[in-house]
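Below: the structure, in structure tokens.
Residue numbers (UniProt numbering): 1 to 493.
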């Protein structure tokens, strides 16, 4: 898509004669693009005026174009003839007209492509603007008007009023301010005396939040001894109803319960090999449906289950390579409906899926079917999480430096984030909009990706105090993100 926009930079045509883009942008010009005459101090009205100039794309920078999509209006009256310079093949990938007597009146471009911010920027509470532009000579007939609605993630509808450009009368613009994250749907129709839909409508785009640092709780700096607090915190989990956070400490062999303000409430577990004891626990997950805590008791090669207050309930698994056995299990996840438990069985190079009681269901492994290829295909799974709807699993591969996605049948695997974009990825989670957040440990950042795999932005810590190898992360109720790193720092963004 960048090449599509860049191709306009050197064009001799005015921007107003090109198909218009749906643009979702922050309200500062420097956040979206660098035009020849824009400055970081431009407010939204000034920016709108500058969008009218022919050099709109001349200095295309493109870090924060957020969402683009193509749809088509159809003229309310059939055209008697067709203009070769106005046909629907004017842009690659455009839908073709249904018949020769339909005339393209207004278009968005391009179709079903989403481009997200490449720099950390606030998307919520920023103006979302889109333009509707008639092609030259194709003005709206008298008596027709736009009906524009935005369906918010929560399901309610907002009517938008388009405003006609005072300079270019064949152009309209419309805006609103998204104050929540998630999937937005824009529906545009021509109405009166009949209703005419846009081809491909409705148009969808995603709004993601920025993650400013709100809590930095460094136990080492506060002078606490590592035996009293954290020695090597790794796994994080949260109870959705209470926002209570559970942290697995590998070197202290216990679980710490923390509230959303960072206050330590309780610790449970102790080093050992008996039932209810832990030996280097790593992953942790909370079943918010049945109110249970699942811990990957890594060096005991089992999964231990506790109540929310830390009372031991039971465990399952032992060291081995057969179904239901483990070899240093690492990450663990519980499906949103509480029906499934997924475990990253790291040194068995596989994923195992269990029912809610710990009974083995199925597994995914390259090593067991092709032991000569697993090191480049699916090697060392570490972090694991379910998609927001519970139909997929996202898995970090610590050695291949990638994120893979599996369906629940565990019969197919695809690459979600390629190797080369990550370095030693560890924990992984999803936010309330379905975006995927990855602890990119050796790159000292959290990488945020959209549900369709588009890069959103990175969370790099805070100014002069960046991350030092983020280990695991979890999204709290309300959208904030809690994270641990290798220096025993607990942060909320």
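Glycine residues also receive a C-beta, built at the ideal position from the N, C-alpha and C atoms.
These numbers were taken from a predicted model, which means no experiment stands behind them.
Pick helix, strand or coil for residue i, following the three-state DSSP scheme.
i	result
residue 256	strand
residue 187	strand
residue 159	strand
residue 280	coil
residue 147	strand
residue 392	strand
residue 441	helix
residue 93	Bear in mind that a pLDDT of 29 at residue 93, under 50, signals an unreliable position, so the model cannot answer this.
residue 424	coil
residue 299	helix
residue 347	helix
residue 340	strand
residue 371	coil
residue 275	coil
residue 304	strand
residue 383	strand
residue 294	strand
residue 324	coil
residue 353	strand
residue 505	The shown model of the chain, from 1 to 493, leaves out residue 505, and the question about it has no answer.
residue 285	strand
residue 177	coil
residue 182	strand
residue 478	coil
Shorter than 8 Å from the beta carbon of residue i to some beta carbon of chain D?
i	result
residue 433	Given the protein chain composition of this structure (a single chain), no chain D is represented.
I believe residue i touches residue j by the beta-carbon criterion, under 8 Å. Please report the beta-carbon distance rounded to the nearest angstrom.
i	j	result
residue 338	residue 290	5 Å
residue 333	residue 384	5 Å
residue 423	residue 443	5 Å
residue 326	residue 302	7 Å
residue 295	residue 307	So it is not a contact: roughly 12 Å between Cβ atoms.
residue 162	residue 148	6 Å
residue 257	residue 269	About 11 Å separates the two Cβ atoms, so there is no contact after all.
residue 233	residue 429	With 8 Å as the limit, residue 233 and residue 429 do not qualify as a contact, their Cβ atoms being about 16 Å apart.
residue 238	residue 286	6 Å
residue 427	residue 181	Actually they are not in contact, since the Cβ atoms of residue 427 and residue 181 sit about 21 Å apart, beyond 8 Å.
residue 436	residue 394	6 Å
residue 262	residue 490	6 Å
residue 341	residue 317	About 11 Å; that fails the 8 Å criterion.
residue 415	residue 404	6 Å
residue 241	residue 288	6 Å
Along the chain, where does the alpha helix (DSSP H) containing residue i start, and where does it finish?
i	result
residue 375	374-377
Answer yes or no: do residue i and residue j have a C-beta to C-beta separation smaller than 8 Å?
i	j	result
residue 260	residue 476	yes
residue 564	residue 417	Since the first and last residues shown for the chain are 1 and 493, residue 564 lies out of range.
residue 389	residue 236	no
residue 350	residue 367	yes
residue 371	residue 401	no
residue 379	residue 397	yes
residue 315	residue 329	no
residue 266	residue 331	no
residue 493	residue 474	no
residue 363	residue 323	yes
residue 300	residue 321	no
residue 386	residue 336	yes
residue 272	residue 312	no
residue 153	residue 184	yes
Tell me where the beta strand (DSSP E) around residue i begins and ends.
i	result
residue 330	329-334
residue 449	445-449
residue 364	360-365
residue 552	No answer is possible for residue 552: it lies beyond the span of the chain, which begins at 1 and ends at 493.
residue 234	233-239
residue 414	413-417
residue 525	For the chain, the structure presents residues 1 to 493; residue 525 sits outside this window and is missing.
residue 314	312-316
residue 403	402-407
residue 475	470-475
residue 264	264-268
residue 490	489-492
residue 484	481-485
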